[in-house]
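Have a look at the structure below before the remarks.
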Amino acid sequence: MADNPSAEDVEYLIKSASINTQYIPAVLGYFRQDKIKDIEDKIQVIEQRRESSSPAAPQSRSRGSSPAIRQTFFSSPMSNDSSGVCSPPTAPFIEDSVSHLLDSDFSSYPALGCAWIEAAISGRLASEGLDIRPDSLKSMLTIFIHRRGLTGYKLHMGRVLCNLSTSTKPVLALLHAILLTACHFAQDSELKSWETTLLERTKSEIEANIVLAHGYGIGGYNALYHLQAMLILSQYYFFKSRMLEGHVYTNSTIQFAIAMGIHRLDSRMIGDYTAVADPKSRLKRGRWQPRDSIELGEAINLLW
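Position 14 of the sequence shown, counting from 1, maps to 14 under UniProt numbering, and the rest follow consecutively.
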């Protein structure tokens with residue numbers, strides 16, 4: 001007989017008392033293939049039944065709801081015409097976006113960007129004489145957030161972006177320090193071309209606003225963000241192997257942190273912290289006080 005028995009031989013091979021062992025693999029293989037074919041046919045029948053019985057309404061509903069699901073506070077509303085031109089975000093949209101932003105300490109910058117934040121920061125920089133396009137800002141913010149762990153950055157990213165885009169007292173020293181770090185790590189030549197300018201702006205903003213920073217929040221200027229800008233700048237000098245300047249700015253950063261009194265803050269108690277006024281503030285300028293538990297954690301992590 002042949003080495004590979006036909007289907008008609010199977011029954012004979014099984015019942016035969018003198019079955020040859022060379023046929024056993026072929027018999028088992030035949031039954032496996034037959035069983036697999038039967039299962040595949042049943043699956044195909046079930047799938048065809050599901051497709052024919054599914055109503056069109058759920059499909060249309062899912063298609064209609066997908067844009068709403070995809071549109072988050074990281075993207076501005078789009079017009080419904082086919083031109084694809086962005087319409088200006090409405091006031092309720094911005095208010096809702098800001099509230100979400102204050103609660104979002106994201107670990108990576110959204111792939112689609114955050115159009116209204118990028119536009120707001122770009123406009124703010126333009127008023128300072130820096131014409132950095134929104135798409136370039138998106139690239140810079142993406143790079144910085146990815147590399148922020150190397151810079152000693154310890155702040156809530158959502159709150160920082162809210163300060164830089166909507167606050168009447170933005171800490172531009174921090175904005176310039178963030179963009180400066182992004183330029184250092186960037187591979188794109190257009191982004192790196194801003195590095196020298198941003199370095200000078202970072203230093204000048206830190207020096208020009210040091211008096212405001214020593215007000216510890218008086219006047220709406222965020223002293224903690226100023227401290228963070230100083231730390232990022234000192235790390236930048238170490239990235240560039242400019243050790244002497246790095247040590248000088250690191251010492252200045254530590255001195256300012258001690259002047260703020262961060263080293264005297266109580267350990268963080270999650271969910272149990274309430275801001276209190278310094279009882280000595282009536283007699284002399286008090287120490288810096290965190291507004292809430294998030295800011296308390298930022299300060300402690302930033303110093304230690």
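Yeah, the Cβ is synthetic: ideal placement off N, Cα and C, and Gly gets one too.
- If the five residues before and after residue 188 are omitted, its C-beta is found closer than 8 Å to the C-beta atoms of 139, all from its own chain and listed in chain order.
- Taking a C-beta distance under 9 Å as the contact criterion, residue 173 and residue 206 qualify as a contact pair.
- With respect to residue 233, residue 249 sits close: the two C-beta atoms are nearer than 9 Å.
- Around the Cβ of residue 113, a 10 Å sphere holds 16 or more other Cβ atoms; the residue is buried.
- Between the alpha carbons of residue 108 and residue 297 lies a gap of roughly 20 Å.
- Residue 221 is not a Cβ neighbour of residue 160, given a cutoff of 9 Å.
- The beta carbons of residue 288 and residue 224 sit closer together than 9 Å.
- For residue 212, the enclosing alpha helix (DSSP H) has its first and last residue at 210-213.
- Here residue 173 carries a helix assignment [DSSP, helix/strand/coil].
- Each residue's CA atom was taken as its position, placing residue 238 and residue 145 some 19 Å apart.
- Excluding its 5 nearest sequence neighbours in each direction, residue 196 has no C-beta neighbour in its own chain below 6 Å.
- Only residues of its own chain outside the window of five on either side were considered, and among them none has a CB closer than 6 Å to the CB of residue 258.
- Just so you know, the alpha carbons of residue 158 and residue 212 end up roughly 23 Å apart.
- Check the Cα spacing between residue 129 and each of 185, 246, 194, 255: the tightest is with 194.
- Per the coordinates, the alpha-carbon of residue 229 lies some 22 Å from the alpha-carbon of residue 286.
- Counting along the chain, residue 138 sits inside the alpha helix (DSSP H) bounded by residues 134-147.
- Annotation for residue 300: the continuous alpha helix (DSSP H) segment containing it runs 293-303.
- Put simply, the backbone Cα of residue 180 is about 8 Å away from that of residue 236.
- For residue 158, the enclosing alpha helix (DSSP H) begins and ends at 157-166.
- CA-to-CA, the gap between residue 266 and residue 260 works out to about 14 Å.
- For the pair residue 116 and residue 105, the Cα-to-Cα distance works out to about 18 Å.
- Of the candidates 178, 254, 290, 178 places its Cα closest to the Cα of residue 147.
- In the three-state reduction of the DSSP assignment, residue 187 falls in the coil class, being assigned neither a helical nor a strand state.
- Judged by their CB atoms, residue 201 and residue 184 are not nearer to each other than the 9 Å cut-off.
- Secondary structure of residue 194 (DSSP, three-state): coil.
- In chain order, 117, 120, 121 place their CB closer than 7 Å to the CB of residue 165, counting only its own chain and leaving out the 5 sequence neighbours on each side.
- Distances from the alpha-carbon of residue 264 to those of 247, 290, 240, 244 put 290 closest.
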